[in-house]
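Asks: Have a look at this one before I ask anything.
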Ligand SMILES: [Zn+2]
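In the numbering used here, the protein residues as written are 147 to 299.
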């Protein structure tokens with residue numbers, strides 16, 4: 147399969163990759179073909195505007211077909227399996243920066259389902275999902291989800 151540009155900042159291969167499971171990447175890219183419209187919509191509407199501000203953000207996980215999702219222990223109905231969620235990070239992502247990113251999304255009026263600052267195994271990333279306009283903010287740390295509120299005046 148040949149790679150192609152799916153949004154201003156990302157290619158299809160960027161959003162169907164798996165660093166930890168290279169043996170499943172080819173299959174994941176085949177499974178992703180059915181979800182190209184969703185992958186593209188999520189990348190263009192949520193990731194690209196953030197990249198305009200922060201530069202190209204590192205995507206650690208985006209589309210995960212059933213096989214890859216099972217391997218990583220994802221929820222069976224994870225929005226990653228529908229091309230409706232992405233995990234992003236940048237160098238030394240702090241709580242402050244993550245909060246700034248959430249504020250940017252809210253200020254730009256970008257619809258999103260959940261924004262989760264996830265911390266696990268000394269790694270920190272942001273899970274952003276779409277498909278609704280719930281705009282729920284959560285912190286996941288120590289295996290527990292905590293709901294957060296940001297008030298914008
Ligand atoms: Zn995620």
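C-beta: ideal position from N, C-alpha, C; glycine also.
Determine the direct distance from the alpha carbon of residue 201 to that of residue 178, and round the result to whole angstroms.
Replies: In a straight line, the C-alpha of residue 178 is about 25 Å away from that of residue 201.
Asks: Quick check on the burial criterion: 16 or more other C-beta atoms within 10 angstroms. Buried or exposed for residue 230?
Replies: The residue is buried, with at least 16 neighbouring Cβ atoms inside 10 Å.
Asks: Check whether the Cβ of residue 233 lies closer than 7 Å to any heavy atom of ligand 3, and answer yes or no.
Replies: The ligand content of the structure shown is limited to ligand 1, which means ligand 3 is not among them.
Asks: Is residue 240 close to ligand 1? I mean its beta-carbon at under 7 Å from any heavy atom of the ligand.
Replies: Every heavy atom of ligand 1 is 7 Å or more from the Cβ of residue 240, so no.
Asks: Helix or strand or just coil, what does DSSP make of residue 284?
Replies: Looking at residue 284 - three-state DSSP - the assignment turns out to be strand.
Asks: Are the beta-carbon atoms belonging to residue 211 and residue 274 less than 8 Å from one another?
Replies: Their beta carbons are not under 8 Å apart, which means residue 211 does not touch residue 274 by this criterion.
Asks: Mind checking whether residue 214 and residue 156 have CB atoms under 8 Å apart?
Replies: No. Outside cutoff.
Asks: Taking 8 Å as the threshold, find out whether the segment 214-223 comes into contact with the segment 241-250 through three or more Cβ pairs.
Replies: These segments do not touch.
Asks: Taking the C-alpha atoms as reference points, what is the distance between residue 186 and residue 176?
Replies: Computed Cα separation, rounded: 15 Å.
Asks: Within a Cβ cutoff of 7 Å, which residues of the same chain sit near residue 160, ignoring the five residues on either side of it in sequence?
Replies: So the list reads 205, once near-sequence residues are dropped.
Asks: From the DSSP output, read off the bridge partner residues of residue 290.
Replies: Residue 290 pairs with 287.
Asks: Kindly indicate the opening and closing residues of the alpha helix (DSSP H) around residue 194.
Replies: 194-200 is the span of the alpha helix (DSSP H), which, as asked, contains residue 194.
Asks: Should residue 283 go down as buried or exposed, given a rule of 16 or more other Cβ atoms within 10 Å for buried?
Replies: Buried, because 16 or more other Cβ atoms sit within 10 Å of the Cβ of residue 283.
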